[in-house]
Amino acid sequence: GQQLNQSPQSMFIQEGEDVSMNCTSSSIFNTWLWYKQDPGEGPVLLIALYKAGELTSNGRLTAQFGITRKDSFLNISASIPSDVGIYFCAGQFDNTDKLIFGTGTRLQVFP
Amino acid sequence: GAVVSQHPSWVICKSGTSVKIECRSLDFQATTMFWYRQFPKQSLMLMATSNEGSKATYEQGVEKDKFLINHASLTLSTLTVTSAHPEDSSFYICSAFLGQGGTEAFFGQGTRLTVV
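In order, the protein sequence lines correspond to chains A and B.
The first sequence begins at 1 in our numbering and counts up by one.
The second sequence begins at 1001 in our numbering and counts up by one.
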């Protein structure tokens, strides 16, 4: 099945540091979403982006919908231990509801 | 907020048996639900789109006779893994959108299937 390229694959950072991850696609999407998944759980929506160029924040999280509609990034500022988990981007095509997920970024935060 | 619930959370079955996983939208109606499979340390891969009152749409490479999907009501979709084999062991997750074309997907908590 199709997947989006997400980088980095994993990150090990110290508490308080900022984090940035991005997602690229060969296809154009009309919606980009960012999810966080804890072990043994389903993904939880963090941020949804609906327009090219859009920059949206949710607390310490900021995400942008790339101008080309083929990429997106997620920033986490001042990381804390509970930010640990796997972050997935997901793209949605026009007129369908299914999501195409990225390969994931595993984040580890050390105190 | 909207909640999607899966049952069971985990199941262990013998090779050759069938296992049914339920996905319910608890406080909203979902005409469409989605089933994903996630292998360890990998991403979610869409298996099929479950449509209420009609046949499911399967992604390329997913065997429809092995993964039976039934969406008999607006709040329930079931995935049955038939004649399960150890390679079917995985984390199965369902999701649903609020309304047609809705962009906020709610995910179930997942079902860990182990076939021994």
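Each residue gets a CB set at the ideal place from its N, CA and C atoms; glycine is no exception.
Next item on the list: Return helix, strand or coil for B/E1087, following the three-state DSSP convention.
Entry: Within the second sequence, residue 1087 of chain B is the residue found at index 87, counting from 1. Reduced to three states, the DSSP call for B/E1087 is helix.
Check: Under three-state DSSP, which class holds A/D71?
Finding: For this step, residue 71 of chain A is matched to residue 71 along the first sequence. Three-state DSSP puts A/D71 in a strand.
Check: Residues in its own chain within less than 7 Å of A/S63 by CB, not counting five upstream and five downstream?
Finding: Translated into positions along the first sequence, residue 63 of chain A becomes position 63. Ser is not the amino acid found at residue 63 of chain A; the sequence shown has Ala there. So the qualifying residues of the chain are W34, I47, L49, T56, S72, F73 and L74.
Next item on the list: May I ask you to list the residues that DSSP assigns as paired with B/K1020?
Entry: As a first step, residue 1020 of chain B is located in the second sequence; it is residue number 20 there, counting from the start. By DSSP's assignment, B/K1020 forms a beta bridge with B/T1080.
Checklist line | Interface residues of the segment 1047 to 1077 of chain B facing chain A [CB-CB below 8 Å] | finding: Of all residues in the segment 1047 to 1077 of chain B, only T1049, E1059, Q1060 and G1061 place a beta-carbon less than 8 Å from a beta-carbon of chain A.
Next item on the list: Taking B/T1032 as the query, report the chain A residues whose CB atoms sit under 7 Å from its CB, ordered along the chain.
Entry: For the purposes of this step, residue 1032 of chain B is taken as the residue at position 32 of the second sequence. Going along chain A in sequence order, the residues near B/T1032 (Cβ under 7 Å) are D97.
Check: A/D83 to B/E1059, Cα distance in whole Å?
Finding: For the purposes of this step, residue 83 of chain A is taken as residue 83 along the first sequence, with counting starting at 1. For the purposes of this step, residue 1059 of chain B is taken as residue 59 along the second sequence, with counting starting at 1. The straight-line gap from Cα to Cα measures roughly 32 Å.
Margin query: Can you give me the C-alpha to C-alpha distance between A/G85 and B/T1032, rounded to a whole angstrom?
Written below: By 1-based counting over the first sequence, the position of residue 85 of chain A is 85. By 1-based counting over the second sequence, the position of residue 1032 of chain B is 32. The straight-line gap separating the alpha-carbon atoms of A/G85 and B/T1032 is approximately 28 Å.
Notebook entry, point to check: Should A/N22 go down as buried or exposed, given a rule of 16 or more other Cβ atoms within 10 Å for buried?
Noted result: Within the first sequence, residue 22 of chain A is the residue found at index 22, counting from 1. Within a 10 Å sphere around the beta-carbon of A/N22 sit 16 or more other beta-carbons, which makes this residue buried.
Item checked: From A/E15, A/S20, A/G16 and A/Q14, residue whose alpha carbon lies closest to that of A/G104 -> Numbered from 1 along the first sequence, position 104 holds the residue referred to as residue 104 of chain A. Nearest option by C-alpha distance: A/S20.
Next item on the list: Using a Cβ cut-off of 9 Å, pull out every chain B residue sitting near A/L45, in sequence order please.
Entry: The residue labelled residue 45 of chain A in the question sits at position 45 within the first sequence. Residues of chain B passing the Cβ test: E1104, A1105, F1106 and F1107.
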